[in-house]
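The structure appears right after this line, and notes come after that.
Below is the structure:
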């Protein structure tokens with residue numbers, strides 16, 4: 176894999192490398208225990224490496240590749256260079272002090288995703304938030320948080336949105352938003368009006384699709400918590416379902432879990448108003464609730 180084709184997030188790159196190491200080990204019919212012994216480590220260390228949960232010691236990678244039967248020095252060097260890249264700080268590193276550990280993994284996965292599908296109940300999706308709307312959200316419940324940290328979190332949220340503007344293969348965002356989120360005036364009516372206008376404008380972007388679940392749709396398959404479904408252009412990376420709560424995030428990648436959320440998302444897209452109607456719905460809400 177050429178360097179320019181690698182994902183921008185270290186976590187995603189480690190997962191890809193780990194998956195390749197696992198396939199090479201299994202093809203060579205070598206157990207994790209024996210592989211761990213080869214690098215003076217344990218079976219659990221090999222497991223963590225193959226899951227992409229730890230950084231890589233380059234000498235360990237060289238030794239494992241030789242053990243797995245890789246004799247082409249160019250191939251070994253390619254893998255070592257990928258590991259060196261994966262060990263570098265992620266793009267969000269300058270904001271690290273403002274980030275909980277559990278969210279750092281999500282940022283890496285989001286930045287590597289080719290398709291991002293989400294369902295939101297109360298909020299406009301982070302990738303479509305205006306600066307002042309984001310500020311109003313981040314100020315909630317953070318009375319003891321320094322304003323400098325709030326500013327860092329806002330800049331991080333704005334930086335995340337660059338995943339939709341990449342010159343090469345920008346991510347596709349397909350989001351379903353409950354209408355309630357558009358009636359909740361975070362930051363006041365002026366901020367909310369600006370946010371809704373930005374949301375309507377986003378509908379014109381070729382890689383953004385927005386659907387709204389109207390109040391009159393009644394009960395629907397998305398009733399409950401919001402979630403995000405990440406899909407990657409790299410066959411080494413499985414789809415991931417992400418759900419966030421007040422003190423942490425949950426990552427699901429088992430086939431049964433992903434299939435269940437995929438089915439829920441498809442039902443939501445059927446129950447929601449069609450994307451061609453989204454701008455009209457937004458302007459209707461602005462006219463009825465946020466007109467000046």
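In this note's numbering, the protein residues as written are 176 to 467.
All C-beta atoms in this analysis are idealised placements derived from N, C-alpha and C, irrespective of residue type, glycine included.
Contact belief for residue i with residue j at Cβ below 8 Å, rounded distance in angstroms
i           : j           : result
residue 335 : residue 301 : 6 Å
residue 296 : residue 356 : 7 Å
residue 291 : residue 403 : 7 Å
residue 298 : residue 315 : Their Cβ separation, rounded to whole angstroms, is 11 Å, which puts residue 298 and residue 315 out of contact at 8 Å.
CA nearest to the CA of residue i, picked from the options
i           : options               : result
residue 251 : 260, 240 and 229      : 240
residue 377 : 260, 350 and 314      : 350
residue 200 : 222, 381 and 186      : 222
residue 332 : 256, 310 and 450      : 310
residue 189 : 215, 214 and 227      : 227
residue 379 : 454, 370 and 431      : 454
residue 337 : 218, 285 and 392      : 285
residue 413 : 256, 207 and 433      : 433
residue 325 : 425, 273 and 237      : 273
residue 359 : 429, 308, 321 and 258 : 308
residue 323 : 258, 340 and 270      : 270
Sequence-distant residues of its chain with Cβ nearer than 8 Å to residue i (five each side left out)
i           : result
residue 205 : 242 and 243
residue 177 : Confidence in residue 177 is poor, its pLDDT being 37 and thus under 50, which makes the residue's placement unreliable; the coordinate value appears in the next sentence. Nothing listed; no residue qualifies.
Own chain residues within Cβ distance below 7 Å of residue i, not counting five before or after
i           : result
residue 180 : With a pLDDT of 42 at residue 180, under the threshold of 50, the modelled position of this residue cannot be trusted; read the value that follows with caution. None.
residue 283 : 184, 185, 186, 187 and 265
residue 448 : 386, 387, 389 and 456
Three-state secondary structure assigned by DSSP to residue i
i           : result
residue 465 : coil
residue 349 : strand
residue 406 : strand
residue 342 : coil
residue 293 : strand
residue 415 : strand
residue 386 : strand
residue 374 : helix
residue 420 : strand
residue 427 : strand
residue 194 : helix
residue 204 : coil
residue 229 : coil
residue 449 : coil
residue 217 : coil
residue 178 : Summary for residue 178: the model assigns pLDDT 38, below 50, so the residue's position carries little reliability; its value from the coordinates is reported in the next sentence. Helix, per DSSP.
residue 237 : helix
residue 264 : coil
Same chain only: Cβ atoms within 6 Å of residue i, ignoring 5 sequence neighbours per side
i           : result
residue 411 : 191 and 194
residue 408 : 289
residue 384 : 349 and 450
residue 230 : 262
Test: residue i CB closer than 7 Å to a CB of chain D
i           : result
residue 349 : Although the question refers to chain D, the structure presented lacks it and comprises just one protein chain.
Closer than 6 Å: residue i CB and nearest the ligand FMN heavy atom
i           : result
residue 310 : The ligand FMN is not among the ligands present in this structure, which contains no ligands whatsoever.
* Unbroken stretches of the alpha helix (DSSP H), 4 residues or longer, contained in the segment 294-328 -> Within the segment 294-328, the complete alpha helix (DSSP H) runs of at least 4 residues are 306-314.
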